[in-house]
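Asker: Chains P and F, in that order, are what the protein sequence lines are. Letter by letter, the first sequence follows residues 56 to 332 of our numbering. Letter by letter, the second sequence follows residues 72 to 345 of our numbering. Virtual Cβ for every residue (Gly too), placed ideally from N, Cα, C.
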Amino acid sequence: MNLLAEPLIQRMLLVGLLVGLAAPVMGTYLVQRKMALLGDGIGHVALAGVAAGWLAGSLFDLAQQDALAIPGAVLFAIIGAVVIERMRSRGAAADVVMAILFYGGIAGGVLLIGLAGGSNANLLGYLFGSISTVTWGDVWMSVGLAAVILLVGLGLRTALFAVTHDQEFARSTGLPVEALNMVVAVLAAVTITVAMRVVGVLLVSALMIVPVAIAQLITRSFARTMHLAMGIGAALTLTGIWITVFYDVQPGALIVTLGVLVYVAVASITSLTRRGT
Amino acid sequence: MSEPAEIRDVPPSLVEARDVRVSLQGTEILHGVSLTAQPGEVVALMGGNGSGKSTFVRSIVGAVPHQSGTIRLFARPATASSRAHLGYVPQRISAAGGVSATSLEVVTSGLLGSRDGADRVGARLRGLVPPRDAHARARAALRSVGIEDLAKRDVSRLSGGQQQRVLIARALVRKPRLLILDEPMAGVDLESQVAFSHTVGHLKHDRVGVVIVLHELGAMAHHIDRAVVLERGCVTYDGPPPKDLGVHALPGHDHEHPHTDPPTRDGGLGLEGP
Chain P
56 MNLLAEPLIQ
66 RMLLVGLLVG
76 LAAPVMGTYL
86 VQRKMALLGD
96 GIGHVALAGV
106 AAGWLAGSLF
116 DLAQQDALAI
126 PGAVLFAIIG
136 AVVIERMRSR
146 GAAADVVMAI
156 LFYGGIAGGV
166 LLIGLAGGSN
176 ANLLGYLFGS
186 ISTVTWGDVW
196 MSVGLAAVIL
206 LVGLGLRTAL
216 FAVTHDQEFA
226 RSTGLPVEAL
236 NMVVAVLAAV
246 TITVAMRVVG
256 VLLVSALMIV
266 PVAIAQLITR
276 SFARTMHLAM
286 GIGAALTLTG
296 IWITVFYDVQ
306 PGALIVTLGV
316 LVYVAVASIT
326 SLTRRGT
Chain F
72 MSEPAEIRDV
82 PPSLVEARDV
92 RVSLQGTEIL
102 HGVSLTAQPG
112 EVVALMGGNG
122 SGKSTFVRSI
132 VGAVPHQSGT
142 IRLFARPATA
152 SSRAHLGYVP
162 QRISAAGGVS
172 ATSLEVVTSG
182 LLGSRDGADR
192 VGARLRGLVP
202 PRDAHARARA
212 ALRSVGIEDL
222 AKRDVSRLSG
232 GQQQRVLIAR
242 ALVRKPRLLI
252 LDEPMAGVDL
262 ESQVAFSHTV
272 GHLKHDRVGV
282 VIVLHELGAM
292 AHHIDRAVVL
302 ERGCVTYDGP
312 PPKDLGVHAL
322 PGHDHEHPHT
332 DPPTRDGGLG
342 LEGP
């Protein structure tokens, strides 16, 4: 049987490929700004958005109760990203703001899902990913969002690099610094909601950061780090999803574990080769 | 729009700051500071730690807002678009971010921002992407500061002096008419100081105005046309640089040690009033 002809496997691989390519693009900017954990903060807010969407679905008596879960996640994640960015630009300690969003997101999520008449089990699919339930509708939404992330993230690479590298200099050149910072924050939020389906809220940040961390061990250029991280991200998601076709393991956890193993292997090899020279 | 005759006769200043007041977190740092620089003029902005030098240049380049006073660049009010011809070298804490970047990438980022006609949307959008010949121009800027061979090297692995030269190249790639540098000599090796002194000589020859924040004149002394001394957010001296600088002119001298002399009006720089 040709597994690649299976529509479900096609959908899983396609979404996996898009997420694997797009997540490290935004991850590169977050690592550059030394805000690698931003994805975790926004991810937890997205969880509250899922629960709020669920609650809205039950209030409007929708046939499919979680129909508004993903739109809710997108909305909450974007609002969370805008709040973090605004507070950061006003000089608030970014780690404290993120910690508050972190706690508020997960506590709000559990409370809202309870109010919607659901159980915490309903949130599990979002916490750990549920790629095997992906529909063609989800695929097309992922295509659209990933296209925006790739278009802006790659197209404005030099400008976003300038702003994340040296904000003061960027301001002196007349670049719209605030607007570009907001673009990074909002696109990071969009990336998280797209990637949430594959690896879940708890591991979404890993898909943005781990490929960048691996690429950093190999190359010393910003553009090459980004391109290599995209390749690594896509290879990790496709390999992980392909393995879960044959073995009954959780795809999100497998993808991230593979990434961490690759990181450890590459770090060991590069440290050995450097010691040898 | 025609200008009055008496203004037309005077060459327009590249930068003209008048009575600039800046407060940061509720504390007034600058209490009405003024400065001008003409084409081809090198102005040293001097003063001790905490005198407001960096805040002043940061307000000129638009990195911090000023609460009152006026700042004009190239005879126009300072706005994002008037900064098209401005080059800025911030105080170097580190030229590196969280992700490695090559010297060439850092210098190329200097080509973004305002272009001529930046008031139009099209010009502003074009300022978000580097021009086609960006890499050639970035290489030429690195060549002009003597480090073209470091173009593909990771900036974070360069020495302090080399990193500083990368940041100067990032400002020069814009072909500025006015270059503003914040303590470019701090923690810089002698070779880079000499190279920088040559660069300033060329800029002066090309009629570029230079405002440079310095702790001491050192290797730059012979290029300086005018010294402006700040003390506690006020200008205490604005005039020709002093002939005899004594110990303060020695390379490597810093103002960290306790001075035995009583403080003077010019902040201990050996300057006389205008």
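1) Note down, in chain order, each residue of its chain lying with its Cβ closer than 7 Å to the Cβ of P255 (chain F), except the 5 sequence neighbours on either side.
2) For D95 (chain P), count the other beta carbons within 10 Å of its own beta carbon; 16 or more makes it buried, fewer makes it exposed. Which is it?
3) Over the uninterrupted beta strand (DSSP E) stretch that includes Y159 (chain F), give me the two end residues.
4) Are the Cβ atoms of G295 (chain P) and L309 (chain P) separated by less than 8 Å?
5) Taking DSSP as the reference, what is the three-state secondary structure of E287 (chain F)?
6) Cβ closer than 7 Å: which chain P residues qualify as neighbours of L157 (chain F)?
7) Any beta carbon of chain P sitting closer than 8 Å to that of L199 (chain F)?
8) Quick one: is A128 (chain P) near chain F, going by C-beta distance under 8 Å?
9) Check the DSSP bridge columns for Y308 (chain F) and list the partner residues they point to.
10) Ordered along the chain, which non-local residues of its own chain (more than five positions away) have a Cβ less than 7 Å from that of M90 (chain P)?
11) For V91 (chain F), which three-state DSSP category applies?
12) I need the straight-line Cα distance from S180 (chain F) to T219 (chain P), nearest angstrom please.
13) Express the C-alpha separation of P247 (chain F) and A205 (chain F) in angstroms, rounding to a whole number.
14) Where does the unbroken alpha helix (DSSP H) through I247 (chain P) begin, and where does it stop?
15) Would a check of beta-carbon distances place V284 (chain F) closer than 8 Å to chain P?
16) Could you name the residues of the same chain whose beta carbon sits closer than 8 Å to that of L229 (chain F), not counting the 5 residues immediately before and after it, in chain order?
17) Smallest Cα separation from G163 (chain P): which of P:F224, P:L59, P:L76 and P:A103?
18) Hey, out of P:V265, P:Y181, P:I161 and P:G159, whose CA is closest to D121 (chain P)'s CA?
19) Given this structure, state the Cα-to-Cα distance separating P126 (chain P) from V259 (chain F), to the nearest angstrom.
20) Quick one: list the residues of chain P neighbouring E99 (chain F), beta-carbon separation under 9 Å, in chain order.
21) Okay, do the segment 80-95 of chain F and the segment 130-148 of chain F touch, 3+ Cβ pairs below 8 Å being the bar?
22) Ignore the nearest five residues each way along the sequence and tell me which others in L37 (chain F)'s own chain have a CB closer than 6 Å to its CB.
23) Compare the C-beta of T107 (chain F) against all C-beta atoms of chain P and say whether one is closer than 8 Å.
24) Please list, in chain order, the residues of the segment 278-302 of chain F that have any C-beta partner in chain P closer than 7 Å.
25) Anything in chain P within Cβ reach of T126 (chain F), meaning under 7 Å, just list it in chain order.
26) So, does the CB of R236 (chain F) fall closer than 8 Å to a CB anywhere in chain P?
27) Any beta carbon from chain P within less than 8 Å of T173 (chain F)'s own beta carbon?
28) Using a Cβ-Cβ cut-off of 8 Å, state whether F157 (chain P) counts as contacting chain F.
Answerer: Checking against the coordinates, here is how it stands:
1) V160, Q235, I239, F267 and I283
2) buried
3) L157 to V160
4) yes
5) coil
6) S227
7) yes
8) no
9) F:V300
10) A149
11) strand
12) 11 Å
13) 16 Å
14) V232 to V254
15) no
16) A166, S174, L221 and V237
17) P:A103
18) P:Y181
19) 53 Å
20) What E99 (chain F) touches in chain P: nothing, since even the nearest Cβ is about 18 Å away.
21) yes
22) With chain F covering only 72 through 345, there is no way to say anything about residue 37 (chain F).
23) no
24) none
25) Those do not exist, as T126 (chain F) stays about 12 Å from chain P at its closest Cβ, beyond 7 Å.
26) no
27) yes
28) no
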